[in-house]
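Notes to accompany the following structure.
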Amino acid sequence: MPPAPFRAQRSPSDRPCQSKHAPANIHLQVLEAGVDEDIPTGDELVALLATLASPHRMRVVAALAGGRNYVSQLARDLGISRALLQVHLKKLEASGLVVSSLEVSEDGKAMNYYELVPFSVRLTPETIERASATLTP
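In my numbering, the protein residues as written are 93 to 229.
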């Protein structure tokens, strides 16, 4: 994160990011002025790093860095099945890293679009030290 790791406060549409699945409410820091002193708890940092530890999820994040996309196109771009992509998108959404919106196309098809929540992670020995002091036993 900028000066400190992760806090998800707003989705790209400025609506609060409220995922009922968010594990321990991982903090993503939205890149905006004045928000940079949030250090995640140890449990939040572990959950965040576990979410990003998957090569598939890293590729999904990389693909969405270019802009929002819908599931079928994203699956084709990544060369994975839609079912596998959905598994990873759900985990990323639960952690607050991505948000989704269901839209109807011009031909009447329901299309689920995903986009990244702007974030930055700054991982330093000091961040780890402070976060580890709050780990649940």
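We put the CB at the ideal spot given by N, CA and C, even for glycine.
(request) Could you have a look at Glu-136 and say whether DSSP puts it in helix, strand or coil? (result) Collapsing the DSSP output to three states places Glu-136 in a helix.
(request) Please say whether Leu-144 and Ala-223 have beta carbons closer to each other than 8 angstroms? (result) The answer is no: Cβ separation not under 8 angstroms.
(message) Can you find the residues in the same chain that come closer than 7 angstroms, C-beta to C-beta, to Thr-133, ignoring five residues on each side of it along the sequence?
(response) Same-chain partners within the cutoff: Ala-223 and Thr-226.
(request) May I ask which residues mark the beginning and end of the alpha helix (DSSP H) holding Glu-195? (result) It is not in any alpha helix (DSSP H) - Glu-195 instead sits in the beta strand (DSSP E) that spans 190-196.
(request) To the nearest angstrom, report how far apart Asn-161 and Ile-220 are at their CA atoms. (result) Ile-220 has its alpha-carbon roughly 33 angstroms from the corresponding atom of Asn-161.
(request) Measure the beta-carbon distance from Val-152 to Leu-141 and round it to whole angstroms, keeping in mind my assumption that it falls under 8 angstroms. (result) That pair is no contact at about 16 angstroms.
(message) With distance defined between alpha-carbon atoms, name the residue in Ile-131, Pro-229, Asp-135 and Ala-139 nearest to Lys-183.
(response) Comparing Cα-Cα distances from Lys-183 to each of Ile-131, Pro-229, Asp-135 and Ala-139, the minimum goes to Ala-139.
(request) Spatial neighbours of Leu-208 within its chain, please: CB distance less than 6 angstroms, with the 5 preceding and 5 following residues excluded, ordered by chain position. (result) Here the set comprises Leu-156 and Val-190.
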